[in-house]
Structures are given as C-alpha cells and as structure tokens.
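Engineer: Okay, handing you the structure first.
In mature numbering (1 follows the signal peptide of the UniProt record, and there is no 0), the protein residues as written are -37 to -1, 1 to 935.
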C-alpha cells in the first residue's frame, strides 16, 4: 500500500499544490518591501501581502464585494457558506452553482431563480468501495419576471442562514430571499409580470383560487401566493401574474404527504397561506450554556416583514439534529425529504429552540492504568523516545505545523500525568517556540507568519496549504491545532496566554475561523460554521454543483474543543461558550450526517454506515486524497484528544464502523491503525488493546505518537465507555462506565480547589492544577504556576451513590456468573449475542395497552449471580414499523433477585412512537420510566425478564434481535 498522503478538501488543490510551493518559495526569495507589522501584545501579524490571495472572477481578488449590491451589509463578506458561490464567483462568473438550502435547492440564471426538490437520491459506487448518494439539482420550475435577462446575479443581503440574490437588466428587477429550512422563497419584482416557468415538465394545476395557485411538477407540489386582488394566469404551460401592481409574492414547496390525499394537500396550502406574505427578512441565532444543568440552549429566530395582513410568524422545517432536540414546540406531522434526512415542519413560529446536553471534555484521559507498574514503564519509554522531537513536524505550512503542535500537546499532557517533567518540558518548549515564531511578523519575514487582508476580512498563515490562501479553505482545521496547543501551554504558562503576551494572537486565529463576536467587524460572524446546518463547511467558495463540502468533521470538532479548552484556561467565557455551542451542536450533526447512528438518514441503497465527506446535496464514502477505507473512515476520527469523546456517545457505533472498515478493506487496517484502534476503543476498548498489543510494529499516523496511542487505549480499557447518563456542573468533566461501575473524572486547571457535582449527586473535590477521578487514583494536571507537578498519588474520593444501596442483598454473594450485557435472542433467551435476525411484535389491534403487557414478546435470563453496581437498566431496542402510522412499542424489565418466583423490581418504560419511514429506530431507556416498583439489589441465582409489546397502533412492528437489541443490567 502506498504511504498515506495529506488530507485535501478541494480539487483545485490537486492541480495547484506544486505550483503553490514554487510561488511561495519565489515570493520568499524575491520580496523586497518590508512587511508592515501590527502588534498584538508581544506578538504581531503583517498587513503587507505575503503570498497568493483569494481568487475568482473579475477583480474579485482585490474587490471581494464585486458581486454585492449597495444594499448589502457592510463589513467583511461571509465565506465558507452553503450559498458562497453566489457571492464568490469562481467557476460561474455570472450566476452561481446550485445552492442547496434544504428542503429545496436553487440556482440563479439570467431569467430568474430555479427550484429543485429532488426527493429520490441517486446512489453510485458500491457498498464496499467508494460511492456516494446525491439529491442532485434537477429543476422543476424557474421563477422570475417576464422578459428578464440579467447579465449577472448579485447579493443584496444576507443574515445568519438566508441570502437574497438580486437581478437587474436595467428595466426589470427581481429580488429573492431563500434560506436553510425555509419552505418559502420570497420575491419582490419590478418592470414586468411575475413568471413561473415549469422547466421540469408541464404543470398539473390542482388549485386555482384568485391570488393562490397550487400545481405539481415532476411529482412535487408547489403553491404560489400573490397579493390580495391579484390573479394567476396559466397559458402555454407558463404561470404569470401582474401581482395587482404590488410587486411581491412567494412560492412554497409543500411537504410530502402520506398519500396523494387532495384534501390534505389543500389543507397544507391553506395553512401555509396564512404566513405566505410574512416575508422572512432576517434570521439570527443566540445560544446559552447553563453550567449547572450542563445544557446548551439555542434559539433560532426569524424576523418577518408583513407585505400584507398582520401575520408575523412563518413556516420552517428542521433538520434531524434540530427536531431530535426540539424544546417547547411540536412539529405538525409533515416532513420533507432532504440530503440530511427527514426535515420536520413547524408552522406559525417566529423562533424555535433546541436544548442539548453538553457531555464534557477533558484535556486528556486520566492515567488510571498507565500510572504504575509495567504499563508506566512502557509509557515512560515511549515518552523518552519522542522527547527529542515531540512535534515530529512533516511540513512547514499551517496544516502540518498544526499537526505537529497537536502531537506535542498530547505528549505534554500525558507526560504530566505520569510525572515525566522532562518530556513535558520538552513538548511545551517546542509548542512555545513554534507559536512565538508564527506569532511574530518581522520586516521582510514571508514564512511562518500571519497576514491580515482587510478586503476579505481574513487572517492567512503562510506558507499556506490546501487552498487556505487562494480559497480560504480549512482555516478551522489548521488553526484549531494552533489554538488547542496554545490552550495546553496556557495551563502550564498562564503568563504566556495573557493579552499583553501572545493571547491576543490566539484570539485572532479564533475570530478568523469562527468569529464569536458580532461587534467585531474585522471578520465575518462564525465564518466556517453553518449555524442552521449545525456543522462546518471547509471550502471557502463552495463552487461545486454538489454545493459546499466538509471532509474531516473531527478536525472541525478539534477547533470547537480548542475554544472550550482555551476559554477555560484563560477565563474567557465568551470563547468557551462559543466553543460549547459549536461542539454540542456539531456533535449532534456528526452523529446524524456523517455516522447516521440511528440508521435513518442515509439511503438504504447506499450500503455504508459512514461517509468520508458531507456535501450540500448528499454524502460520499470517499475523500479528496485517498480511496483507502482506512482514510475514508479515519479522516473523521483524527486527531484523537480528550475533546473527541463525542465519538463514543453511542458505544455500539464504533464497533459498527470498524466492522465496516474491515469488510471494505478485506481485512484489518494497514495504515492509520492507531487512529482506528483509538476510535474502536470508545466502543470496545478490550478489542482495541488486543489489536494494539498484537501489532507493536505499526507505523504511527503523521500527527500521532506511540505514547499517546498506548495511553489512550490502555486507559479506556480500564475506564470503559463514555457514560452519557449523567452530567457535571463543570466543563472539563465526564464519566465512564465499565461493567456497570462508573468512574467520574474532572480537571481543574485553576489555581484554587474545585468541587464538581454530577447530576446523580456524586461530588468530587479536585485540587488546584489537578485532575481527579473517583476510585483509588488521582493524577497530576497542569500546574497553575507552570512548575513541576508531583507524581500521581493514591486518594480515595467518595462519590455520592447514584441510587440507594441495595435493599435485598444476600448475606454472602457467590462468585458472579453471566455478563450484565444481554442480547435479545431467538426463542426468548437473554444472553450472549447471536446471529442477526428479527421477530415480530404484534399490533395493539387499535386498543390502548399503555403500561399493560398484551401479547408481549418475552426474553428471559435465569441463574444470574452478580453484584448490584448502582445506576439503572439500559437498553437499545431496534424497531421498524415500516410505513405504518401510529404505532408505539413498550418495554418492561422485571427482576427476581433470588430466582424464588417473587418479582422484586419491575420497571415499565414509556412507549416509543415509531415513525412511518422504513428503517430501524432505537428505543432506549431515555424514553423514561412510566412506573417502577420495588428495589434492585444483588442477583443470586436470579432471573431477569424483558417484555416487549405494542402499546398503541394496529400494525405489527419488527424487532431486530440476535446481535441487535440489547439490555445492559446495572450489575458488575
């Protein structure tokens, strides 16, 4: 196999990388004018051009506002957005590439705005090799003004997730507003009649009533709403209106209905019509982090301008990561297909809110297993081996410098944990000298320097790479490594991080990639982060038929985690909370759109459990730089840090992902093994440790070290899996569970003691500059004064129990038998995983059986002897009601602790309402208890029974069993 090559995000890079190196080298040799340096504390950047700048049509390089109108917002232009090719014209110098807003896609042309509502994806490639699915742009209609022929389409306005294209040919004008989640497109016109041209085929008009007309093109339902007093005329297949001289109208794409029910369609048209003339003219996000509850609440607000009437509310559709966390509102039951899965509809709203749980991050995993004995000796040897070159930098540009900084930061953290102050100091010195060099612009310096371009409102590091200069690609990827390393350095050398030293330069990198302050006009607000889509975009111009794209979601999360770590280290809560918002939101988006953990969003024919790249119109099992499965899947796992625990929120998924890798690769990985094993360790740490020990001669990934890989996998084998069942009132804290036993971890990087409290009542006091765990071990953290931390010493913090102590333990407990993890098996067993199969849960026959098992499917385990470990029953049931509407499946778990026939504990959970979309859904304990009786205690020859039945609905439901549905008992 060929050696791995560096990640690339746009095809332009493939053709220009070599030439770019020559150009940069040429500039370095021939530069004659001294650079103008702008000081920021002890650091500085240059405002004199150093190397290549963004390029595009006309004089865009020096005039990025070439394609905006005088009405457009002042300040820096946004880049890296879903609509960027409209403003940053690079391949289409007149109009733009398709703009995938969802639920519709759009494309401007000289005569108007095209609409696409592709509802059936195209799947190419194979289920074991490179492939993709696309909801490609396929035009249904084009909306404009009669006779319009604009030579160019400009941008008249933008807000957080909308854009307003503008057409003018000197006689006629058209202005539209489109946006993420908007079923409506809003129009204002002059100089001619409104025109709807069904370019996708002849329209079928199903409603025509004065100012409203409903029609279908290519199976998609649209409604056009003209002002009161206007009418629509259909002639020659074209639909026109004078708009009664008022110059405004809107066009809505209706959601898909369960059937071709004409009444339902008419009702939707009427419902939408209530808000058709409340044109959306602004969108704005706000967010807050409640530390006590560890919740991130995000408000998505809409400003409307009533063109007529008094309605100020609107209709919106929500992505899966939004509707799954929706707070205080209920969708109407209609939805749209999209490249991200079903988008559910809210009507009559001016805002909506999501509430997501922040699960915590760590500077690094605690050394609970590598802090003593043979493991400590092995880790010390591995640290000593990298002491002389902790960065092991593979290139001089911003990306490869960042990778080296990331490697050194991991080494510094784990060296500190085990008291290896010599290696820690070497790593910190490497970080400090590298950052100081890059953060200093001296006269004539053209390498390892940052340049601020006020026209584009961006900070570019030179040497650049992968289009980070000419295309403004990947700034969050590159700079995230710098910021994360700076956060590690700030823990040990807080003076270095102050604003009068180098903290101001770190802040500039943060603001360039994702400016967290709307008042700062030097950079666009949240440049790389798509607020509504919930994730970053990597390409600056997004000039592709498939829209914008992002490959390495995990490097995007590296940036978000870096903000949390930096904000916490420096006391900057604005930066920390911006990191919280991006981290928590994007973690949810990654689970849905890169991993599809609920098996709901990828087309069934796609055949993959993951994508390497998300595009505006779909997803691809591929990368810009390699067709190897290891890299297609691994690019969304690296770098592995204490901020990447989100990869383990669903512990079954790393196992699924790794199994696909082995299948597609035709065997175990041969490159990036360390990254892949570390990812697997979040789901099956024992298997990952076995693979690591069996392959000591593996080649480390370019940003990894043997020391960090061993530390990560060995300690997860002791800690177990990430436990999302409890939260902490501190940002740097989390919980792990192994065999039902929890380990609580918290890091205190301040100069004063800290007590952390978890939602189950557990409390842990952490000394200044340390990180502690419950159990018999504590490890050293970043010394607030930058000096040496003592070696780890045993302690015994006492957590508050999560539940009352067992009420019925036997006097003596025999040796344990059985595992607490039990799969639902054919024939009614409850034991070790078997082969993949299904069983049927009978329908409820239209009768309500909520709380009362009726015709249940029963699974039983007997002869169990295990110690109660506290906590609660956990389960994950795979359910598929097919296209049936109104089904709800319920579960009950019963414990006979001594096997004497007396049930000691009964837990009945709220039923789970299945959706009418084929594909498995996951019913878990998160549905909540409907009722519970009795108390748990030790099992001694005990029996556990699981009953599953239909609480509501008339149709049967498929239950995946064998190696799918699983129950985890709260026992060790």
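For each residue, glycine too, the CB sits at the ideal point set by N, CA and C.
Computed from a prediction, not measured in an experiment: that's the story for all the values here.
Please classify residue 457 as buried or exposed, where buried requires at least 16 other C-beta atoms within 10 Å of its C-beta.
Structural biologist: In the chain shown, residue 457 corresponds to position 494, counting from 1. Buried: at least 16 other Cβ atoms inside 10 Å.
Engineer: For residue 354, which of helix, strand or coil comes out of DSSP?
Structural biologist: Walking along the chain shown from the start, residue 354 turns up at place 391. The answer is coil: DSSP assigns residue 354 none of H, G, I, E or B.
Engineer: Between the alpha carbons of residue 43 and residue 808, how many angstroms are there, rounded?
Structural biologist: Within the chain shown, the letter at position 80 stands for residue 43. Within the chain shown, the letter at position 845 stands for residue 808. Their backbone Cα atoms lie some 52 Å apart in a straight line.
Engineer: Look up residue 40 in the DSSP assignment and say whether it is helix, strand or coil.
Structural biologist: As a working note, residue 40 is residue 77 in the chain shown. Coil.
Engineer: Rounded to a whole number of angstroms, what is the C-alpha to C-alpha distance between residue 160 and residue 207?
Structural biologist: Position 197 of the chain shown, counted from the first residue, corresponds to residue 160. Position 244 of the chain shown, counted from the first residue, corresponds to residue 207. Going by the C-alpha atoms only, they are around 19 Å apart.
Engineer: Taking the CB atoms as reference points, tell me whether residue 585 and residue 623 lie closer together than 7 Å.
Structural biologist: On the chain shown, position 622 is the one that residue 585 refers to. On the chain shown, position 660 is the one that residue 623 refers to. Result no, Cβ atoms of residue 585 and residue 623 do not sit closer than 7 Å.
Engineer: So, using beta-carbon positions, are residue 917 and residue 845 closer together than 7 Å?
Structural biologist: Sequence index remark: in the chain shown, residue 917 carries index 954 (1-based). Sequence index remark: in the chain shown, residue 845 carries index 882 (1-based). It is not a contact, given that the beta carbons lie outside the stated cut-off.
Engineer: Within the same chain, show all residues whose beta-carbon is closer than 6 Å to that of residue 749, passing over the 5 residues directly before and after it, in chain order.
Structural biologist: In the chain shown, counting from the first residue as 1, residue 749 sits at position 786. Bear in mind that a pLDDT of 34 at residue 749, under 50, signals an unreliable position, so the number given afterwards is only what the model happens to contain. So the qualifying residues of the chain are 455 and 456.
Engineer: Report yes if the C-beta distance between residue 131 and residue 113 is below 7 Å; otherwise report no.
Structural biologist: Within the chain shown, numbered from 1, the residue matching residue 131 stands at position 168. Within the chain shown, numbered from 1, the residue matching residue 113 stands at position 150. Cβ atoms of residue 131 and residue 113: closer than 7 Å.
Engineer: From the DSSP secondary-structure annotation, give me the bridge partner or partners of residue 306.
Structural biologist: Position 343 of the chain shown, counted from the first residue, corresponds to residue 306. Looking at the DSSP assignment, residue 306 forms a beta bridge with 299.
Engineer: What does a CB cutoff of less than 7 Å around residue 256 pick up in its chain, not counting 5 residues either side in sequence?
Structural biologist: One-based indexing of the chain shown puts residue 256 at position 293. Closer than 7 Å at Cβ, skipping near neighbours: no residue.
Engineer: Assign residue 417 to one of two classes, buried (16 or more other C-beta atoms within 10 Å of its C-beta) or exposed (fewer than that).
Structural biologist: On the chain shown, residue 417 is found 454 positions in, with the first residue counted as 1. Classification for residue 417: exposed.
Engineer: Give me, in chain order, the residues of the same chain whose beta-carbon lies closer than 6 Å to that of residue 881; leave out the 5 immediate sequence neighbours on both sides.
Structural biologist: Working through the chain shown from its first residue, we reach residue 881 at position 918. Excluding positions up to five away in sequence, the list reads 845.
Engineer: Are residue 514 and residue 638 close, meaning C-beta to C-beta below 7 Å?
Structural biologist: Locating residue 514 in the chain shown gives position 551, counting from the first residue. Locating residue 638 in the chain shown gives position 675, counting from the first residue. Not in contact: residue 514 and residue 638 (Cβ atoms no closer than 7 Å).
Engineer: Report the residue from 925, 466, 357 and 54 whose alpha carbon sits nearest the alpha carbon of residue 791.
Structural biologist: Reading the chain shown from its first residue, position 828 is the one you call residue 791. The candidate whose alpha carbon is nearest that of residue 791 is 925.
Engineer: Quick one, which of 665, 658 and 619 has its alpha-carbon nearest residue 643's?
Structural biologist: The residue given as residue 643 occupies position 680 in the chain shown. Closest option to residue 643, Cα to Cα, is 619.
Engineer: In chain order, what residues of the same chain have a beta carbon less than 6 Å from the beta carbon of residue 784, not counting five sequence neighbours either side?
Structural biologist: The count along the chain shown starts at 1 and reaches residue 784 at position 821. Excluding sequence neighbours, residue 784 sits near 931.
Engineer: Given that a residue counts as buried once 16 or more other Cβ atoms are within 10 Å of its Cβ, and exposed if not, what is residue 269?
Structural biologist: Here residue 269 refers to the residue found at position 306 when the chain shown is read from its first residue. Burial call: exposed.
Engineer: In three-state terms, what does DSSP make of residue 929?
Structural biologist: One-based indexing of the chain shown puts residue 929 at position 966. Three-state result, residue 929: strand.
Engineer: Within 10 angstroms of the Cβ of residue 298, are there 16 or more other Cβ atoms? Answer buried if so, exposed if not.
Structural biologist: As a working note, residue 298 is residue 335 in the chain shown. Classification for residue 298: buried.
Engineer: Could you tell me whether the segment 546 to 563 touches the segment 520 to 534, using the rule of 3 or more Cβ pairs below 8 Å?
Structural biologist: Contact between the segment 546 to 563 and the segment 520 to 534 is present, because at least three Cβ pairs lie under 8 Å.
Engineer: Thinking just about the alpha-carbon of each residue, which of 533, 855, 902 and 259 is nearest to the one in residue 890?
Structural biologist: Position 927 of the chain shown, counting from 1, holds the residue named residue 890. Residue 855 is the option with its Cα nearest to residue 890.
Engineer: Which full runs of the beta strand (DSSP E) of 3+ residues lie inside the segment 544 to 594, going along the chain?
Structural biologist: With a minimum length of 3 residues, the continuous beta strand (DSSP E) runs that stay inside the segment 544 to 594 are 576 to 578 and 581 to 584.
Engineer: Is residue 716 buried or exposed, if buried means 16 or more other CB atoms sit within 10 Å of its CB?
Structural biologist: Counted from its first residue, the chain shown places residue 716 at position 753. So residue 716 ends up on the exposed side.
Engineer: Below 8 Å, can you find three or more Cβ-Cβ pairs linking the segment 337 to 357 to the segment 640 to 657?
Structural biologist: Touching, no.
Engineer: Less than 8 Å between the CB atoms is what I'm expecting for residue 897 and residue 852, so what's the real figure, rounded?
Structural biologist: As a working mapping, residue 897 is identified with position 934 in the chain shown. As a working mapping, residue 852 is identified with position 889 in the chain shown. About 24 Å; that fails the 8 Å criterion.
Engineer: Going by the CB atoms, is the gap between residue 788 and residue 794 shorter than 7 Å?
Structural biologist: On the chain shown, position 831 is the one that residue 794 refers to. On the chain shown, position 825 is the one that residue 788 refers to. In this structure, residue 788 lies closer than 7 Å to residue 794 by Cβ.
Engineer: Run through DSSP, which three-state label would residue 853 get?
Structural biologist: Working through the chain shown from its first residue, we reach residue 853 at position 890. Residue 853 falls in the strand class under three-state DSSP.
Engineer: Just list the beta strand (DSSP E) runs in the segment 646 to 716, keeping only unbroken ones of 3 residues or longer that don't cross its boundaries, in chain order.
Structural biologist: Segments of the beta strand (DSSP E) lying fully in the segment 646 to 716: 696 to 701 and 704 to 710.
Engineer: DSSP on residue 386, reduced to helix/strand/coil?
Structural biologist: In the chain shown, residue 386 corresponds to position 423, counting from 1. Of the three classes helix, strand and coil, the one that applies to residue 386 here is helix, per DSSP.
Engineer: Excluding five sequence neighbours on each side, which residues of the same chain lie with their C-beta closer than 7 Å to the C-beta of residue 934?
Structural biologist: Mapped onto the chain shown, residue 934 falls at position 971. Excluding residues within five positions, the ones whose Cβ falls inside 7 Å are 703, 783, 829, 830, 831, 832 and 902.
Engineer: For the segment 105 to 121 against the segment 147 to 155, do three or more pairs of beta-carbon atoms, one drawn from each stretch, fall closer than 8 Å, so that the two count as touching?
Structural biologist: In short, these stretches touch, since the Cβ pair count reaches three.
Engineer: On the premise that residue 928 lies in contact with residue 804, defined as a C-beta separation below 8 Å, what is that separation, rounded to the nearest angstrom?
Structural biologist: In the chain shown, counting from the first residue as 1, residue 804 sits at position 841. In the chain shown, counting from the first residue as 1, residue 928 sits at position 965. Between residue 928 and residue 804 the Cβ distance is about 11 Å, and since that is not below 8 Å, they are no contact.
Engineer: Straight-line CA distance for residue 920 to residue 818?
Structural biologist: Within the chain shown, residue 920 is the residue found at index 957, counting from 1. Within the chain shown, residue 818 is the residue found at index 855, counting from 1. The straight-line gap from Cα to Cα measures roughly 13 Å.
Engineer: Determine the burial state of residue 251: buried for a count of at least 16 other Cβ atoms within 10 Å of its Cβ, exposed for fewer.
Structural biologist: Translated into positions along the chain shown, residue 251 becomes position 288. Exposed is the call here.
Engineer: Are at least three pairs of beta-carbons, each pair with one atom in the segment 273 to 282 and one in the segment 503 to 512, less than 8 Å apart?
Structural biologist: At 8 Å Cβ cutoff, the stretches do not touch.
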